[in-house]
Amino acid sequence: PRHGRQPLRFLRAGALPALRLGAGARRRVLGWCRLHPEPSPCGRRPSNPARRMLESGCKAVKEGMLEKRSDGLLQLWKKKRCILTEEGLLLIPPKHPPPQQQPAPPAEPAAKIKELHFSNMKTVDCVERKGKYVYFTVVMAEGKEIDFRCAQEQGWNAAITLQMVQYKNRQAILAVRSTRQKQQHLAAPHGPRLRGASNSA
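For the sequence shown, the positions run 1 to 201 when UniProt numbering is used.
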């Protein structure tokens with residue numbers, strides 16, 4: 001393991017500090033959505049799931065910089081601009097314009113927004129504090145582990161955990177309601193159908 005594994009104990013929502021949506025985060029999310037128009041009349045939906053999550057109007061809870069460990073051989077820490085919503089975490093590569101004194105590098109493809117949706121997220125694990133950083137690991141449902149670090153005062157690990165727990169609680173409530181509705185529908189009397197069956201007999 002890259003650092004000591006200590007499973008994170010989930011806390012109740014009241015035990016964590018309240019998270020308020022900053023005006024800057026709201027403006028950036030809404031402005032980003034305006035730059036990407038609605039699907040064309042042919043009925044095609046945006047292929048990027050992160051774009052769909054932004055365009056669906058989900059609430060942005062927290063925004064800022066977060067460092068992610070790369071998957072390469074060197075495992076370097078790379079900064080990502082992150083937007084935490086009620087449905088997941090968006091990772092956006094920051095823009096680094098080249099200095100004017102140096103020749104511009106070859107054009108690169110547009111930066112892709114990566115989405116870590118809570119429906120595919122299993123847990124936030126391996127929280128460790130070293131120096132000014134907090135290191136934590138996001139474990140996805142398929143077993144993939146993604147390492148992050150941030151300054152201790154930013155509290156990204158607690159914010160992600162809180163939103164993930166709330167999302168899964170909402171999904172559990174919806175599942176219970178759906179099951180009850182199906183049971184009520186099956187238990188309801190089917191008078192017209194019974195009468196029709198008796199007449200045909």
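The beta carbon of each residue, even a glycine, is placed where N, CA and C say it ideally should be. Bear in mind the structure is a predicted one, so any value in this text is a computation, not a measurement.
Counting along the chain, residue 91 sits inside the beta strand (DSSP E) bounded by residues 88-92. In the three-state scheme derived from DSSP, where H, G and I count as helix and E and B as strand, residue 112 is classed as coil. For residue 72, DSSP assigns no beta-bridge partner whatsoever. In this model, residue 134 and residue 64 are separated by some 15 Å (Cα to Cα). Between residue 124 and residue 161, the C-beta gap is smaller than 7 Å, which places the two residues in contact.
Proximity to residue 84 across 143, 95, 142, 113 peaks at 113, based on C-alpha coordinates.
Residue 148 is bridged by DSSP to 68, 136. Residue 185 has its alpha-carbon roughly 21 Å from the corresponding atom of residue 171. According to the DSSP secondary-structure assignment, residue 129 is paired through a beta bridge with 134. Distance between residue 70 and residue 119, taken at the CA atoms: about 23 Å. Here residue 87 has 53, 58, 117, 118, 167 as same chain residues with Cβ atoms under 7 Å from its own Cβ, once five neighbours each way along the sequence are excluded. Proximity to residue 122 across 93, 165, 92 peaks at 165, based on C-alpha coordinates. Taken through DSSP and simplified to helix, strand or coil, residue 63 comes out as strand.
Exposed is the label assigned to residue 77, since fewer than 16 other Cβ atoms lie within 10 Å of its Cβ.
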